[in-house]
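K.L.:
In order, the protein sequences belong to chains A and B. Every letter in the first sequence is one number past the one before it in my numbering, and letter 71, counting from 1, is 71. Every letter in the second sequence is one number past the one before it in my numbering, and letter 56, counting from 1, is 56.
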Amino acid sequence: AQTVTQSQPEMSVQEAETVTLSCTYDTSESDYYLFWYKQPPSRQMILVIRQEAYKQQNATENRFSVNFQKAAKSFSLKISDSQLGDAAMYFCAYRSANNAGNMLTFGGGTRLMVKP
Amino acid sequence: NAGVMQNPRHLVRRRGQEARLRCSPMKGHSHVYWYRQLPEEGLKFMVYLQKENIIDESGMPKERFSAEFPKEGPSILRIQQVVRGDSAAYFCASSLQDEAFFGQGTRLTVV
């Protein structure tokens with residue numbers, strides 16, 4: 001079974017600064033997808049960024065980018081120019097490319113606080 | 001195109017009662033997933049359904065929990081004889097192919 005670990009329960013960043021959230025995972029599969037989701041106080045799960053394991057290039061979405069290290073099974077999220085609206089819980093998630101369906105395995109989450 | 005709709009947003013039940021949580025997937029989506037989020041934890045997969053079929057229920061507790069996705073109407077997650085430990089946020093997600101879209105969840109409180 002796959003597992004996803006987020007070792008930072010809480011992180012804090014100054015507005016306009018950069019922060020990196022860590023995620024490691026364990027799998028024996030070679031083909032899979034990785035995701036970062038944001039969950040603000042409204043509880044809505046918002047997809048921030050996704051990475052296909054077969055792609056070597058790190059995904060980027062505006063101020064959000066990832067550092068995907070397949071051999072190390074590491075998938076960190078970098079948020080540049082942090083904004084107050086970035087404050088939320090962030091969840092790393094894994095999805096197998098081999099199984100039917102879109103079942104996700106989530107990490108325990110990191111609470112990000114943004115200081116004005 | 002409305003997103004994934006879950007209702008109710010909040011549900012309070014006394015111990016021993018039944019809880020029914022509803023999920024209407026995005027238009028055209030035929031795959032539905034239910035997840036449970038305990039306080040201060042990540043989401044845990046419960047069950048994956050397609051229309052009228054349960055595809056994977058490996059995350060469902062063996063007793064008191066059931067799910068359906070009928071040909072017509074929303075998907076229902078049913079919890080019988082609720083206990084305090086069932087208090088959690090329950091999320092539904094739907095997909096057509098690749099990406100899963102989440103609803104806002106139902107927060108169940110058992111008193």
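Virtual Cβ for every residue (Gly too), placed ideally from N, Cα, C.
What does the Cβ neighbour count give for Asn-102 (chain A), buried or exposed, with the cut at 16 atoms within 10 Å?
P.N.:
The residue is buried, with at least 16 neighbouring Cβ atoms inside 10 Å.
K.L.:
Between the stretch 70 to 79 of chain B and the stretch 17 to 27 of chain B, are three or more C-beta pairs nearer than 8 Å?
P.N.:
Output reads yes: the stretch 17 to 27 of chain B touches the stretch 70 to 79 of chain B.
K.L.:
Excluding the 5 residues preceding and the 5 following Phe-102 (chain B) in the sequence, name in chain order all residues of the same chain whose CB lies nearer than 7 Å to its CB.
P.N.:
Cβ within range, chain order: Val-4, Phe-91 and Ala-93.
K.L.:
Hey, does Gly-101 (chain A) have any beta-carbon neighbour from chain B nearer than 8 Å?
P.N.:
Judged by the 8 Å Cβ criterion, Gly-101 (chain A) is in contact with chain B.
K.L.:
How big is the Cα-Cα spacing for Ala-89 (chain B) and Leu-38 (chain B)?
P.N.:
Spanning the two alpha carbons is a distance of roughly 7 Å.
K.L.:
Determine which residues of the stretch 21 to 52 of chain B have a Cβ less than 9 Å from any Cβ of chain A, and write them out in chain order.
P.N.:
Result list: His-31, Tyr-33, Tyr-35, Gln-37, Glu-40, Glu-41, Gly-42, Leu-43, Lys-44, Phe-45, Tyr-48 and Gln-50.
K.L.:
Any Cβ of chain A within less than 8 Å of the Cβ of Glu-68 (chain B)?
P.N.:
No - not a single Cβ of chain A is within 8 Å of the one on Glu-68 (chain B).
K.L.:
Just the C-alpha distance for Tyr-25 (chain A) and Val-4 (chain A), rounded to the nearest angstrom, thanks.
P.N.:
Roughly 4 Å separates the two Cα atoms.
K.L.:
Can you tell me which of the three DSSP states Leu-96 (chain B) falls into?
P.N.:
Coil.
K.L.:
Rounded to a whole number of angstroms, what is the C-alpha to C-alpha distance between Ala-100 (chain A) and Ile-49 (chain A)?
P.N.:
Spanning the two alpha carbons is a distance of roughly 21 Å.
K.L.:
Have a look at B:Lys-71, B:Lys-62 and B:Arg-36 and flag the residue whose alpha-carbon is nearest the alpha-carbon of Asp-86 (chain B).
P.N.:
With distances taken between Cα atoms, Asp-86 (chain B) lies closest to B:Arg-36.
K.L.:
Whose Cβ in chain A lies nearer than 7 Å to the Cβ of Asp-56 (chain B)?
P.N.:
Within 7 Å Cβ-Cβ: Gly-101 and Met-103.
K.L.:
Residue range of the beta strand (DSSP E) that Val-4 (chain B) falls in?
P.N.:
Where Val-4 (chain B) is concerned, there is no enclosing beta strand (DSSP E), given that its DSSP letter is neither H nor E.
K.L.:
Roughly how many angstroms separate the alpha carbons of Ala-97 (chain A) and Gln-6 (chain B), rounded to a whole number?
P.N.:
So the two alpha carbons sit approximately 27 Å from each other.
K.L.:
Can you tell which of A:Val-114, A:Lys-115 and A:Asp-86 has its C-alpha closest to the C-alpha of Trp-36 (chain A)?
P.N.:
Checking every option, the nearest Cα to that of Trp-36 (chain A) belongs to A:Asp-86.
K.L.:
Does DSSP put Leu-84 (chain A) in a helix, in a strand, or in coil?
P.N.:
Helix, per DSSP.
K.L.:
So, does the CB of Met-45 (chain A) fall closer than 8 Å to a CB anywhere in chain B?
P.N.:
Yes, Met-45 (chain A) counts as interfacial toward chain B.
K.L.:
In terms of residues, what are the limits of the beta strand (DSSP E) holding Val-32 (chain B)?
P.N.:
Run containing Val-32 (chain B): 31 to 37, per the beta strand (DSSP E) assignment.
K.L.:
Can you grab the Cα-Cα spacing for the pair Ala-67 (chain B) / Tyr-33 (chain B), in whole Å?
P.N.:
Spanning the two alpha carbons is a distance of roughly 10 Å.
K.L.:
Identify the continuous beta strand (DSSP E) that holds Cys-23 (chain B) and give its terminal residues.
P.N.:
That run of the beta strand (DSSP E) goes 19 to 24.
K.L.:
Classify Arg-111 (chain A) as helix, strand or coil using the three-state DSSP reduction.
P.N.:
The answer is strand: DSSP assigns Arg-111 (chain A) an E or B state.
K.L.:
Check the Cβ of Gly-107 (chain A) against every Cβ in chain B and list those closer than 9 Å, keeping chain order.
P.N.:
Residues of chain B passing the Cβ test: Gly-42.
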